[in-house]
Amino acid sequence: RPRHGQRAGHRAAPPAAAGPVVGRHVVLALLQHSPARIRRIWCWSRDRDFYNQIVGLAAAQNIPLLAQPPADAVWSDHIAQGVAADVRPFAYADLDDVVPSTGAAPGTLLLVLDSITDARNLGAILRSAAFFSVDAVILPSDRAAGVSPVVERIARGATATLPIVQVVNLARTLRLLADRGVEIAGTVVAPTAQDLWQLSSDQPLAIALGAEDRGLRPLLQKQCTRLITLAGGPGMDSLNVASFASVALAAVRRPSRG
Numbered sequence: 035r036p037r038h039g040q041r042a043g044h045r046a047a048p049p050a051a052a053g054p055v056v057g058r059h060v061v062l063a064l065l066q067h068s069p070a071r072i073r074r075i076w077c078w079s080r081d082r083d084f085y086n087q088i089v090g091l092a093a094a095q096n097i098p099l100l101a102q103p104p105a106d107a108v109w110s111d112h113i114a115q116g117v118a119a120d121v122r123p124f125a126y127a128d129l130d131d132v133v134p135s136t137g138a139a140p141g142t143l144l145l146v147l148d149s150i151t152d153a154r155n156l157g158a159i160l161r162s163a164a165f166f167s168v169d170a171v172i173l174p175s176d177r178a179a180g181v182s183p184v185v186e187r188i189a190r191g192a193t194a195t196l197p198i199v200q201v202v203n204l205a206r207t208l209r210l211l212a213d214r215g216v217e218i219a220g221t222v223v224a225p226t227a228q229d230l231w232q233l234s235s236d237q238p239l240a241i242a243l244g245a246e247d248r249g250l251r252p253l254l255q256k257q258c259t260r261l262i263t264l265a266g267g268p269g270m271d272s273l274n275v276a277s278f279a280s281v282a283l284a285a286v287r288r289p290s291r292g
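The opening position of the sequence shown corresponds to residue 35 in the numbering used here, with each subsequent residue numbered one higher.
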């Protein structure tokens, strides 16, 4: 999995803050794909098959395991999860590793998220991105949610396999992607925009999604190759951003009828 490094033209993001993550799917994904991030595991599940699976995977990676829940009271809401991991900071991927300066590979599919501040929305988007085999998700470093323990829990293991890039300037990043052969499709609520179902991932494509309250910022819309929309029923002109992300990815990944 690509990790961050210093590159000319954009600054590599520092690792995200460390902290415990809770949940079966995320801990299993970390054990299977990113075991080096795990410092120790707490497993108190009454499901003996699951407990034995965690014990075996932890032993194979020489990861300490405690057969009890963490003592911190903050965990009280998650006690039924049965497992948690104390993890090292999440390391963001580098944009040049995802889309090299020589040009994007055919079929590259990216998600660009503008000012998504809700951790639950971000986690749900990352889960959908992993499900639909997105090549990377690109986030801004300011005024937006980053990868946190809550995001990792909601993403249900997506952060263990999905490259996530954090950049300083999204507008500059979109211009760079366009220079590398990526079509930029910005999502808006506007009757003049093209229909979402016209999108295809045959060529390198980045879908840019805006924040819940204000949508994709005008500055970023100007960097888009095209603007797309999804028409809803009377009285409801938009979807939650995480729901829209799932629909958009399903539309792009739909089988060709040719």
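Glycine residues also receive a C-beta, built at the ideal position from the N, C-alpha and C atoms.
Using only the alpha-carbon positions, how far apart do residue i and residue j sit?
i	j	result
Asp221	Thr136	At residue 221 the sequence reads Thr, which differs from the Asp that was named. C-alpha separation (whole angstroms): 27 Å.
Leu143	Ala105	42 Å
Ala284	Gln66	27 Å
Asp128	Pro197	9 Å
Ala46	Val146	Any reading at Ala46 is ruled out, since the residue's pLDDT is 48, under 50, leaving its predicted position unreliable.
Leu204	Pro174	6 Å
Cys77	Gln102	6 Å
Arg73	Asn96	10 Å
Phe84	Val133	38 Å
Glu246	Ala93	43 Å
Ser277	Gln87	33 Å
Gln115	Gln228	43 Å
Ala107	Asp131	In this prediction, Ala107 scores a pLDDT of 43, lower than 50, which makes its location untrustworthy; the coordinate-derived value is nonetheless stated afterwards. Each residue's Cα considered, the two are about 40 Å apart.
Val60	Leu261	34 Å
Asn231	Pro252	A quick correction: the sequence has Trp, not Asn, at residue 231. Each residue's Cα considered, the two are about 23 Å apart.
Pro98	Arg161	28 Å
Arg287	Gly191	21 Å
Going by DSSP in three states, residue i sits in which element: helix, strand or coil?
i	result
Thr25	Past the boundaries of the shown model lies residue 25; the chain is included only from 35 to 292, so the question cannot be answered.
Ala242	strand
Gly220	strand
Leu99	strand
Asp120	strand
Arg260	strand
Ala282	helix
Ala94	helix
Ile88	helix
Leu145	strand
Ala127	strand
Contact check, residue i vs residue j under 8 Å by CB: the rounded distance?
i	j	result
Tyr126	Val199	6 Å
Ala178	Ile159	Between Ile159 and Ala178 the Cβ distance is about 12 Å, and since that is not below 8 Å, they are no contact.
Ala148	Leu254	Looking at the sequence shown, residue 148 is not Ala but Asp. Between Leu254 and Asp148 the Cβ distance is about 6 Å, and since that is below 8 Å, they are a contact.
Any heavy atom of the ligand NAP closer than 6 Å to the beta-carbon of residue i?
i	result
Leu283	With respect to the ligand NAP, the structure offers nothing, as it holds no ligand at all.
Does the beta carbon of residue i sit closer than 7 Å to a beta carbon anywhere in chain C?
i	result
Val132	Looking for chain C here will not work: only one protein chain is present.
Entirely within the segment 157-236 and at least 4 residues each: give me those alpha helix (DSSP H) ranges in chain order. 183-189 and 204-213
Three or more C-beta pairs closer than 8 Å, one from the segment 230-239 and one from the segment 126-141: is that the case here? yes
Would the segment 181-188 count as touching the segment 206-214 if we require 3 or more Cβ pairs under 8 Å? no
Tell me, please, whether the segment 214-234 touches the segment 153-170 by the rule of three or more beta-carbon pairs shorter than 8 Å. no
Give the list of continuous beta strand (DSSP E) stretches no shorter than 3 residues that lie fully inside the segment 48-80. 53-56 and 72-77
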